[in-house]
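*Asks:* Here it is, the structure, as structure tokens.
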Amino acid sequence: GIDVEPVRAVPDAQRIAHRVFGEDALRTLDLSRPETFLTSWTAFEARQKCFGHGVFNQRITPDMCEITHFEPMENWLACVAWPSIAQPLVIRYLQTPELS
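Have a look at this one:
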């Protein structure tokens, strides 16, 4: 599963974090920084997608997946997740020329 998000302010970050991540996350996440919330969010969504689950279906726990965070381009965050029993993942970046 993969999730990609632009870095931006998330107005309901605290409410979403409480609902999706729980009380423990609220104590450890610095929700004043959009990157902090979005890094956790992309990991959560990538794990859910890895097993074909939606955001509010059965929670896929971090021990069920391996994840890798990356920045596909400036001001974007991404995370890819795969089952822990799978082979190691190799990510290669292709640099494309800038369009004028």
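Just so you know, we're using this note's numbering here: the sequence shown kicks off at 43 and counts up by one. Heads up, the beta-carbon is just placed ideally off N, CA and C, and yes, glycines get one too. This structure is a prediction, so every number in the text was calculated from the model and none was measured.
1. Please state whether the Cβ-Cβ distance between residue 107 and residue 124 is less than 8 angstroms.
2. Whole angstroms are fine: how far does the CA of residue 113 sit from the CA of residue 43?
3. Looking at the structure shown, is residue 105 part of a helix, part of a strand, or coil, going by DSSP?
4. Kindly indicate the opening and closing residues of the alpha helix (DSSP H) around residue 66.
5. Classify residue 122 as buried or exposed, calling it buried when 16 or more other Cβ atoms lie within 10 Å of its own Cβ.
6. Note down the Cα distance separating residue 55 from residue 48, rounded to an integer number of angstroms.
7. Is the beta carbon of residue 46 less than 8 angstroms from the beta carbon of residue 118?
8. Which residue wins for smallest C-alpha separation from residue 139, given the options 127, 120, 115?
*Replies:* Based on what the coordinates show:
1. yes
2. 16 angstroms
3. helix
4. 65 to 70
5. buried
6. 14 angstroms
7. yes
8. 115
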